[in-house]
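All the letters of the sequence shown, read from the start, carry residue numbers 0 to 352 under numbering that gives the first Met the number 0.
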Amino acid sequence: MALSKIDVANMLTGEVPNANVADLPQSKIEDNINFRNIIINGDMAVSQRSTSTASVTTAGYYTVDRMQWIADYGTVTLSQDTDVPTGQGFANSFKADVTTAGTVVSAGYVLLRQKVEGQNLQYLAKGTSDAKSTTLSFWIKSTKTGTYIAELYDADNTRQISKSYTVDTTNTWEKKTITFAGDTTGAFGDDHNASLFVNLYLSAGSDYTSGTLNTSWAASVNANRVVGQVDAQDSTSNNIYFTGIQLEAGTTASDFEVVPYGQNLHRCYRYYFKTLYTQWVYSINSGNTLSRSEVVFKNTMRDTPTAGSIAFSNSGTGNGTQFDNKNHVTVYVNGLAGLDSALNTGATFSAEL
């Protein structure tokens, strides 16, 4: 079975029926049975920004929510795709299609990343003698076979651990499972900042590959982080897909945790929100020279967001946002002089890590 079942009785009692507890991953026998996956949108179902973006040459969030593309060379088209492993219950994947082969830069790399807030990681007890191991599982399909590197990077304490895995067959979906030991040094900050980077590398330069792969938690040394990684950016024939990314406490990978689409979208709204409708702005003075409207976010955002793509049907003599906070923002248009105006569809607000 590829996807975890929703067991109502189990959710209410906290018990695991008809099971040998010793054989279960820790995430299934503790209180965090639900939302055990640290990764948000690991099934690539939500893609608010776009379903496809071409000519990508720099780092950023382009398509699938919460999936950050990091690139120091090469050009790709990124997309939310429907190519998925057969019979596993997934409908979408993240795809990177190399359109211009990159020349490896010694101090550069290419990877897919998700950053995680420290306050979501406190139960891992990092930095204590009770630090929990974690297990990363995911599906990958790549044209390029060979050794790849997955890394957990502690941004609070500049520590990291890397593990290698192998893509065995070209253009074939393969499931990978990697367990990382717990780290007894350096606690994650209990706040809304980026504490953990989950990195899936596709290429890296000599500054990151010239040492010995660091497979135990240690202070970060760049030369030891991505040793052995193939260059999956070296040909325009290369396509790479990911789906079903899950990181959980324990030493065993459980079935991918299904989160209903609405809940998944709600969690993504904490980091990025895009309006889907036209919204009128209304006059607040007798001369109709000052017009305002409030955009209320669907979820409390991680931090006060940065507004982008703000456009109005009539821009007046000045417009923008004011009184911004994590729950709502006021949009304004000045100098309309009796004319109507509306906030156009597609206004964006980002509080990404």
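By construction, the Cβ of each residue, glycine as well, lies at the ideal position given by its N, Cα and C atoms.
Quick caveat, the model's predicted, so the values are computed rather than measured.
- Query: When the Cα of Val220 is compared with those of Ser312, Tyr152, Ala95 and Leu352, which residue comes out closest?
  - Reply: Tyr152
- What does a CB cutoff of less than 6 Å around Ala186 pick up in its chain, not counting 5 residues either side in sequence? Lys125 and Gly126
- Message: According to DSSP, is Leu264 part of a helix, a strand, or is it coil?
- Response: helix
- Task: For the alpha helix (DSSP H) holding Asp206, just list the boundary residues, first then last.
- Result: Ser205 to Thr208
- Query: To which residues of the same chain is Ser46 closer than 7 Å at the C-beta, ignoring the five residues directly before and after it?
  - Reply: Thr62, Val63, Asp64 and Gln79
- Message: Just to confirm my understanding: we take Ala364, look at its own chain, exclude 5 residues before and 5 after, and list those with CB closer than 6 Å. What are they?
- Response: Any question about residue 364 goes unanswered here, given that the chain covers just 0 to 352.
- Query: When burial is assigned at 16 or more other CB atoms within 10 Å of the CB, is Asp182 buried or exposed?
  - Reply: buried
- Task: Check Ala346 in the structure and name its three-state DSSP category.
- Result: coil
- Query: Is the Cβ-Cβ distance between His191 and Glu116 less than 8 Å?
  - Reply: yes
- N-terminal and C-terminal residue of the beta strand (DSSP E) that Gln113 is part of: Tyr108 to Glu116
- Nearest-angstrom Cα distance between Tyr207 and Thr99? 22 Å
- Reduced DSSP category for Ala218 - H, G, I as helix; E, B as strand; rest coil: strand
- Query: Since Trp138 is in the beta strand (DSSP E), which residue starts that stretch and which ends it?
  - Reply: Thr133 to Ser141
- In the DSSP assignment, find the unbroken beta strand (DSSP E) run with Lys297 in it and report its ends. Unbroken run through Lys297: none, as it is neither H nor E.
- Item | Contact between the region 294-304 and the region 65-77 (3+ Cβ pairs under 8 Å) | no
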